[in-house]
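In my numbering, the protein residues as written are -18 to 114.
Idealized CB from N, CA, C, for every residue including glycine.
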């Protein structure tokens, strides 16, 4: 009987660790295999981009720095995230170097004032951004 109680508890713990929510959550909880941080700044990306719900935004600066300000959904609730790091574009990917040194690569699809970022790791998630006015 104890074995049947442990299995759901372990499953719940795994869900808490890896989550199943927003794109930002995937950024915070799952790192795809390490990639090199290289590339250049695409001038068409420079500026402020916001999630469609308006709760989170990215600021991409021409010097290759970024700031993320927003909220992250997790099984434990919602919490604010303010992060700064570096960004670059290479071979159709947008790469972020977080303050902890982790480099994340996303497939990038930009069309006009819309920017779609899709994670490359095992937890596929998509972030849709619109250029803020």
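Is the beta carbon of residue i sitting closer than 7 Å to the one on residue j?
{"i": "residue 48", "j": "residue 40", "result": "yes"}
{"i": "residue 87", "j": "residue 100", "result": "yes"}
{"i": "residue 20", "j": "residue 79", "result": "no"}
{"i": "residue 50", "j": "residue 42", "result": "no"}
Compute the beta-carbon to beta-carbon distance between residue i and residue j, rounded to the nearest angstrom, for a pair I have assumed lies under 8 Å.
{"i": "residue 110", "j": "residue 32", "result": "6 Å"}
{"i": "residue 16", "j": "residue 36", "result": "Incorrect: roughly 28 Å between the Cβ atoms, too far for contact."}
Compare the Cα-Cα distances from residue i to each of the options and report the closest residue.
{"i": "residue 66", "options": "57, 45, 52 and 55", "result": "45"}
{"i": "residue 112", "options": "28, 79, 20 and 62", "result": "28"}
{"i": "residue 93", "options": "26, 22 and 15", "result": "26"}
{"i": "residue 73", "options": "90, 61, 81 and 84", "result": "90"}
{"i": "residue 18", "options": "71, 102 and 55", "result": "71"}
{"i": "residue 69", "options": "30, 114 and 84", "result": "84"}
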